[in-house]
Structure formats: C-alpha cells, structure tokens
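First comes the structure, then the notes that go with it.
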Amino acid sequence: MGSALIVIAWALPAVFGADRFTLIAVMLLSGLGNAFAGESVYKVWTQELFPTLLRATATGVTMAFTRAVTGLTALGTPAFALGHTRLFFGLLFGFMLLAAVIGLAWVPRLPKAPGFGQKPVSTAEPSPLADALPAEPTASAA
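Here the numbering used here is used: the first residue of the sequence shown is 15, the next is one more, and so on.
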C-alpha cells in the first residue's frame, strides 16, 4: 500500500508535468505512503538482517551511507531539475518503482526472526502470594 502510494505520487509530475497541483499531490501521497513504507519500515527490517551485537553499527553505517549519498547528490539536483524537469521527475519515478519492486520481491524472502508468529510463552512461575492476595473488587460489587 505504502509503496504503491509513493510510486503513484512520483508518477504524477513525470506524466502530467510539475505544476502546483501535482507537487502538492506528491507531498500528500508520498507523505502518506512513507508512513507505511518509508524509513521507519526500513529500520525495522534492517534490524532482522544483522546479529544482535552488530545491529546498531550496521544500521548506523547504512543510514550514514545513504545520507552521505543523498547530501552529495543534492549538490547537483537543483541545476539538473531546472534544466531537465520532466527527465528529473521521470528518474525519481523510475527509482521509486525500482525500490518498490525490490522491496516487494526481496523483503518477503528475508529470514524471519526466531519465534516470529508464535504465541509468547511465559516461563515465570506464579507467585505463592498470588493466592493470598484479596481479589480485585468488580464493578458489580461496588
């Protein structure tokens, strides 16, 4: 759902041109889609890819890498977008579509965390004082 909203959002200016309506639609649709398929979901899935002792380091390295690439790319983006607006939005649409296909094809094949989908089992034994405590008053007793 989220991936589809993001792909549709970036298709609008690529197909219809970048005007006020399509750019506002991009903000609204991609903002809604990112709630379901954005960075927060990426962070959840990456947690399952690395052993516990390496999770924070691996997540930090991947986030730092993507932010560095994004920062470097941002140096040339305004000039490229002004000179080749339709191509720019076409590339964004293509990258979003590629990311959605990779996510939908690859993520379901990732190994699940141990115990995923099973009911939690409590190993704690009941306290011997539990039987000695008075019962909670119910609404009908009040």
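Ideal Cβ placement from N, Cα and C applies to all residues, glycine included.
Legend entry - Val-115 - containing alpha helix (DSSP H), residue span: The sequence position of residue 115 within the sequence shown is 101, counting from 1. Boundaries of the alpha helix (DSSP H) harbouring Val-115: 99-120, taken from the DSSP string.
Legend entry - Contacts around Trp-24, its chain only, beta-carbon distance under 6 angstroms, and the 5 residues preceding and following it disregarded: Counting from one through the sequence shown, the residue named residue 24 turns up at place 10. Same-chain partners within the cutoff: Leu-106, Phe-107, Met-110.
Inset, instruction - Have a look at His-98, Leu-63, Gly-16 and flag the residue whose alpha-carbon is nearest the alpha-carbon of Leu-42. - result: Position 28 of the sequence shown, counting from 1, holds the residue named residue 42. Nearest C-alpha to Leu-42: Gly-16.
Legend entry - Gly-45 (DSSP reduced to helix, strand or coil): Looking up residue 45 in the sequence shown gives position 31. In the structure shown, the three-state DSSP call for Gly-45 is helix.
Legend entry - Best match in Leu-46, Asp-33, Pro-27, Trp-59 for proximity to Pro-125 [C-alpha to C-alpha]: Mapped onto the sequence shown, residue 125 falls at position 111. Among Leu-46, Asp-33, Pro-27, Trp-59, the Cα nearest to that of Pro-125 belongs to Trp-59.
Legend entry - Rounded straight-line distance, which links the Cα of Arg-34 to that of Phe-103: To locate residue 103, count along the sequence shown from 1; it is residue 89. To locate residue 34, count along the sequence shown from 1; it is residue 20. Going by the C-alpha atoms only, they are around 14 angstroms apart.
Legend entry - Beta-carbon proximity list for Val-21, same chain, < 6 angstroms, skipping 5 on both sides: Numbered from 1 along the sequence shown, position 7 holds the residue referred to as residue 21. The beta carbon of Val-21 is closer than 6 angstroms to those of Met-110, Leu-111, Ala-114 in its chain, skipping five residues each way along the sequence.
Inset, instruction - Starting from the Cα of Ala-39, find the closest Cα among Met-77, Leu-19, Gly-97, Val-55 and give me that residue. - result: Your numbering for residue 39 matches position 25 in the sequence shown. Checking every option, the nearest Cα to that of Ala-39 belongs to Leu-19.
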